[in-house]
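Participant:
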Amino acid sequence: MNDSSASASASSTERPVAGLSSLQQKFAKKLEGARFRTINETLYTSTGQNAFDSFQRDPIQFDIYHAGFREQSRQWPYNPLHGIVAWLRAKGGKGGKKLRIADMGCGDAELAASLSDVHTVHSFDLVSRNSRVVASDIAHVPLREGSVDVVVFCLALMGTNVPDFVREAHRILAVRGSLRIAEVRSRFDGDGISIKKFEKFLKRAGFDIVQEDFSKLPGGVAQGGGGGGGGHNKMFFEVECTKSDRQSFIQEDFCVRPCVYKKR
Ligand code: SAH
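All residue numbers for the sequence shown refer to the working numbering, where the first residue is 15 and numbers rise by one.
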């Protein structure tokens, strides 16, 4: 990764492997970390369709990736998924509306598991490891046009074809439905890419930006650090948009930087 604030060690899981000496365990851990980094890099440098074909052929990649991802996320001061869950929960409950939500790149479907009492959640990922998840490339999910109220991409805009994912969100969202994105901030930094350009891209794609400061929402955590303070989330960029009734003009060549993990 290019930004040290967003990189973390890929040291993999701490669980001891039975029957192995401590040296063998050290090697096993290193190997697991290396496999995680390779899969992570492949996901960020191939199209969603190629990633889908590859994970369907060899689903163990999903397990290795997620063991590493979980290990990484334990080291973050704040997990954006938890903020999103709190935001959606606040919209439901007493007198609230039961929302139809698409969780695109859901991982192990924690969002659906956390909200199934208040909302209907459709969870999509490259491989289905539990009954909540439908295996699908998030550029083409099996939902009808205008059939959901909220689309979530939490750290899931991994493929090189980000415009296809945003187009799919626009297709399945009802007009005035919400799109919520959380991404590693450094992915929008440099190489001709910026948060400003991404927001411009979203506007042209037919969305209105509602807000990008979640520090005051339930579950939203101000993550100042380094004296930045004031609710500025240094590691992640989060944005909420609504689908407007304007026509969508997707800029096909828009791309976001890959997020690779440093070997430590
Ligand atoms: N949203 C979850 C998981 C984030 S990890 C969370 O925040 O905890 C990113 C996930 O996106 C991975 O599970 C990966 O398999 C999935 N993903 C990446 N590209 C995808 C694609 N083209 N189609 C479906 N899922 C994808």
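Note that beta-carbon positions come from the ideal geometry of N, C-alpha and C, so glycine has one too. Remember, it's a predicted structure, so these values are computed and weren't measured experimentally.
Would you be able to state if there are at least three C-beta pairs under 8 Å between the region 200 to 211 and the region 127 to 137?
Facilitator: No, because fewer than three Cβ pairs between the region 127 to 137 and the region 200 to 211 fall closer than 8 Å, the two stretches do not touch.
Participant: In the region 96 to 151, which residue ranges form an unbroken beta strand (DSSP E) of at least 3 residues, counting only runs that do not cross its ends?
Facilitator: Segments of the beta strand (DSSP E) lying fully in the region 96 to 151: 114 to 118, 134 to 139 and 147 to 149.
Participant: For cysteine 255, which residues does DSSP report across the bridge?
Facilitator: For cysteine 255, which the question treats as bridged, DSSP gives the partners Leu193 and Ile223.
Participant: State the DSSP-derived secondary structure class of valine 198, mapped to helix, strand or coil.
Facilitator: Looking at valine 198 - three-state DSSP - the assignment turns out to be strand.
Participant: At a threshold of 7 Å, does methionine 249 count as lining the ligand SAH (C-beta to nearest heavy atom)?
Facilitator: Methionine 249: no, Cβ never under 7 Å from the ligand SAH.
Participant: What does the alpha-carbon distance come out to for the pair isoleucine 223 and glutamine 38?
Facilitator: Each residue's alpha carbon lies about 51 Å from the other.
Participant: Considering aspartate 163, what are the terminal residues of the beta strand (DSSP E) in which it resides?
Facilitator: Unbroken beta strand (DSSP E) run through aspartate 163: 162 to 168.
Participant: Compute the Euclidean distance between the alpha carbons of alanine 126 and serine 87, then round it to the nearest angstrom.
Facilitator: So the alpha carbons of these two residues sit roughly 18 Å apart.
Participant: By how many angstroms is the C-alpha of tryptophan 90 removed from the C-alpha of glycine 47?
Facilitator: If you take the alpha carbons of glycine 47 and tryptophan 90, they lie about 17 Å apart.
Participant: What three-state label does DSSP hand leucine 34 in the structure shown?
Facilitator: It is coil, neither helix nor strand.
Participant: Quick one: give me the first and last residue of the alpha helix (DSSP H) that serine 87 is part of.
Facilitator: Start and end: 74 to 88.
Participant: Quick test of the definition: if touching needs 3 or more C-beta pairs under 8 Å, does the region 180 to 196 touch the region 151 to 168?
Facilitator: Yes, the region 180 to 196 is in contact with the region 151 to 168.
Participant: Using only the alpha-carbon positions, how far apart do lysine 105 and valine 132 sit?
Facilitator: Looking at the two C-alpha atoms, the distance is approximately 9 Å.
Participant: Is the beta carbon of histidine 80 less than 8 Å from the beta carbon of glycine 121?
Facilitator: Yes; because the gap between Cβ atoms is below 8 Å, this pair is in contact.
Participant: Considering only residues of the same chain and omitting the five flanking positions on each side of glutamine 75, which have a CB-CB separation below 6 Å?
Facilitator: Excluding sequence neighbours, glutamine 75 sits near Ile53 and Phe69.
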